[in-house]
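Number of protein chains: 2
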Amino acid sequence: MADEKNLHTDDLSLTEAVADRIRQLLIAGEFSPGQKLSEHQVSAHFGISRNTLREVFRLLTSQRLLTYIPNRGVFVAAPDEAAVIDIYRVRFVLQRGAVQAVAKAHPTLIRMRRLAEQGRELARTGDWRQVGTINMEFHRTMVELCDSPRLSACFDLVLAELRLVFGQLEDSAHLHEPYIELNASLVAALELGDTAAAISQLEAYLIKSERAVLAALQRARR
Amino acid sequence: MADEKNLHTDDLSLTEAVADRIRQLLIAGEFSPGQKLSEHQVSAHFGISRNTLREVFRLLTSQRLLTYIPNRGVFVAAPDEAAVIDIYRVRFVLQRGAVQAVAKAHPTLIRMRRLAEQGRELARTGDWRQVGTINMEFHRTMVELCDSPRLSACFDLVLAELRLVFGQLEDSAHLHEPYIELNASLVAALELGDTAAAISQLEAYLIKSERAVLAALQRARR
DNA sequence: AAGATACATATTGTTGAACAATATTACTTA
DNA sequence: TAAGTAATATTGTTCAACAATATGTATCTT
Numbered sequence: 001m002a003d004e005k006n007l008h009t010d011d012l013s014l015t016e017a018v019a020d021r022i023r024q025l026l027i028a029g030e031f032s033p034g035q036k037l038s039e040h041q042v043s044a045h046f047g048i049s050r051n052t053l054r055e056v057f058r059l060l061t062s063q064r065l066l067t068y069i070p071n072r073g074v075f076v077a078a079p080d081e082a083a084v085i086d087i088y089r090v091r092f093v094l095q096r097g098a099v100q101a102v103a104k105a106h107p108t109l110i111r112m113r114r115l116a117e118q119g120r121e122l123a124r125t126g127d128w129r130q131v132g133t134i135n136m137e138f139h140r141t142m143v144e145l146c147d148s149p150r151l152s153a154c155f156d157l158v159l160a161e162l163r164l165v166f167g168q169l170e171d172s173a174h175l176h177e178p179y180i181e182l183n184a185s186l187v188a189a190l191e192l193g194d195t196a197a198a199i200s201q202l203e204a205y206l207i208k209s210e211r212a213v214l215a216a217l218q219r220a221r222r
Numbered sequence: 001m002a003d004e005k006n007l008h009t010d011d012l013s014l015t016e017a018v019a020d021r022i023r024q025l026l027i028a029g030e031f032s033p034g035q036k037l038s039e040h041q042v043s044a045h046f047g048i049s050r051n052t053l054r055e056v057f058r059l060l061t062s063q064r065l066l067t068y069i070p071n072r073g074v075f076v077a078a079p080d081e082a083a084v085i086d087i088y089r090v091r092f093v094l095q096r097g098a099v100q101a102v103a104k105a106h107p108t109l110i111r112m113r114r115l116a117e118q119g120r121e122l123a124r125t126g127d128w129r130q131v132g133t134i135n136m137e138f139h140r141t142m143v144e145l146c147d148s149p150r151l152s153a154c155f156d157l158v159l160a161e162l163r164l165v166f167g168q169l170e171d172s173a174h175l176h177e178p179y180i181e182l183n184a185s186l187v188a189a190l191e192l193g194d195t196a197a198a199i200s201q202l203e204a205y206l207i208k209s210e211r212a213v214l215a216a217l218q219r220a221r222r
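Residue numbers (full-length UniProt numbering), protein chains in the order written: chain A, 1 to 222; chain B, 1 to 222.
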């Protein structure tokens, strides 16, 4: 891979800039799970010192994107089946919490509707990568219904982990396809204030999605 | 304050050991909120290098116990009213999620019952610091009903933040007193499998507790 | 006296080299 | 082949240095 240097900008410290960049790469699946990241190599690659890189590693480790083994170094996280199950458990609790917390006519609902429609359009064009991005954004927005920065931060972490899983899969492309319609009807239920319906839609979505991810993960591990 | 050195042990890296120690101090209210922590001073205090300390700061910042302002340094977090409100929002979503997720006769229920009783006994002795610790432990355990390491981790973060708030208060002593009985009846409802009752107990608890903390915080800020 | 300016000082941001402690690899020998 | 040992590489941590930014102080102006 070609070296990347001068990531430093005015508003972002070098540490944060490199952390953002590595997070990007991780989410995009540019590393293989479990791969070792040597301090020497990586610091040379980004043209930064080992000391600075170690701060970066601490940051990403606290976000569960890297795994840290004392005296052995830092490795790309390799979420296994248990991790996926746990991630979906978090999603269920947080997203159900959002549905139960939403006041009818919450302004954020409008953004959700727009994203749901955007997903539909993109699905027609067949740009599945984009569909995935929009789908994630849809669910992120759902959690913002809670108006809770801490819940949103927690949710962002697990979504990033989930993207790490997607990066491991060969065929993550169609993983979002069947859910576009579910998103739309979920929004509809929320707009009507029909909490019970929204929850069952959500639960259906999460169960299906979890199964698909687990299956794809097992296929990939073969 | 007397210097503390040689925190290094076999199983804990120096960075982690110092992070743990500072977290302890923060939770115990040994620093004042908003207080600046200078790299020079603190690294000298613990007998570690600035580089290592910076890793520590990154860890604690990611746990919201410290606040980081670029080029200005690191400060003890000073959770305000908005933070408290948000913390209780997280608690409600996570703990309600736990109540809704619990299978009857979950082994963890036994630990909750034991903690509830322990709280009762300690209340009689009047050791309010211990009562507070046990109460926290009770609620931590409740979230463990989810069997989700990620949810527990998230909950641990907000509980630590909450303790930071307590540290700011003059009279945090009796802040746990009225809730001991509520904890006991909450366990009772869970053991009976009466989810609805458990949720309303929980909600009552959280609302009262939130109000008390907010009031005490405003008093302390005066 | 209040406010702006410029200088001096302290703090943070980052680096590179160094060395001890721990892992990994390669090699030797039974 | 297996075990043991030496050689090598990597991590853990420190230190000293310097640039960039922030803070404090003395000075000047009106």
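Each residue gets a CB set at the ideal place from its N, CA and C atoms; glycine is no exception.
{"query": "Neighbour flag for residue 86 (chain B) against chain A, beta carbons, 8 Å", "result": "yes"}
{"query": "Cβ neighbour criterion (16 or more within 10 Å) applied to residue 30 (chain B)", "result": "exposed"}
{"query": "Residue 174 (chain B) burial status per 10 Å Cβ neighbour count (16 or more: buried)", "result": "exposed"}
{"query": "Segments of 4+ residues assigned as alpha helix (DSSP H) that fall wholly inside the stretch 111-187 of chain A", "result": "128-144, 149-168"}
{"query": "Environment of residue 150 (chain A) [buried if 16+ CB atoms lie within 10 Å]", "result": "buried"}
{"query": "Three or more C-beta pairs below 8 Å linking the stretch 207-220 of chain A and the stretch 21-39 of chain B", "result": "no"}
{"query": "Residue-level contact to chain A via CB, residue 206 (chain B), 8 Å cutoff", "result": "no"}
{"query": "Whole-angstrom distance between residue 96 (chain A) and residue 203 (chain A), CA atom to CA atom", "result": "8 Å"}
{"query": "Neighbourhood of residue 177 (chain A) by C-beta, 8 Å cutoff - its chain only, sequence neighbours within 5 removed", "result": "123, 128, 131"}
{"query": "Nearest neighbour of residue 46 (chain A), chosen from A:33, A:162, A:19 [CA to CA]", "result": "A:19"}
{"query": "Cut-off 7 Å between Cβ atoms - residues of its own chain near residue 87 (chain A), not counting five sequence neighbours on either side", "result": "158, 161, 162"}
{"query": "Close beta carbons around residue 34 (chain A), own chain, < 7 Å, minus the five adjacent residues each side", "result": "75, 76, 78"}
{"query": "The stretch 51-71 of chain B in contact with the stretch 194-201 of chain B per 3-pair CB rule at 8 Å", "result": "no"}
{"query": "Minimum Cβ-Cβ distance from residue 73 (chain B) to chain A less than 8 Å", "result": "no"}
{"query": "C-alpha gap between residue 12 (chain B) and residue 66 (chain A), whole angstroms", "result": "18 Å"}
{"query": "Residue range of the alpha helix (DSSP H) that includes residue 31 (chain A)", "result": "No alpha helix (DSSP H) contains residue 31 (chain A), which DSSP labels as neither H nor E."}
{"query": "For residue 97 (chain A), the first and last residue of its enclosing alpha helix (DSSP H)", "result": "81-101"}
{"query": "Any chain B beta carbon closer than 8 Å to residue 70 (chain A)", "result": "yes"}
{"query": "8 Å Cβ cutoff met for residue 38 (chain A) and residue 73 (chain A)", "result": "yes"}
{"query": "Within chain A, partners of residue 90 (chain B) - CB distance below 7 Å", "result": "148, 150, 151"}
{"query": "From A:146, A:134, A:144, A:156, residue whose alpha carbon lies closest to that of residue 23 (chain A)", "result": "A:156"}
{"query": "Residue 48 (chain B) in three-state terms, based on DSSP", "result": "coil"}
{"query": "Close Cβ partners of residue 165 (chain B) (< 7 Å) along its chain, the five nearest in sequence each way excluded", "result": "79, 84, 213, 217"}
{"query": "Short Cβ contact (8 Å threshold) for residue 220 (chain B) with residue 169 (chain B)", "result": "yes"}
{"query": "Presumed contact (8 Å Cβ cut-off) between residue 206 (chain A) and residue 91 (chain A), rounded CB distance", "result": "6 Å"}
{"query": "Residue burial classification, residue 48 (chain B) (beta-carbon count within 10 angstroms, cutoff 16)", "result": "buried"}
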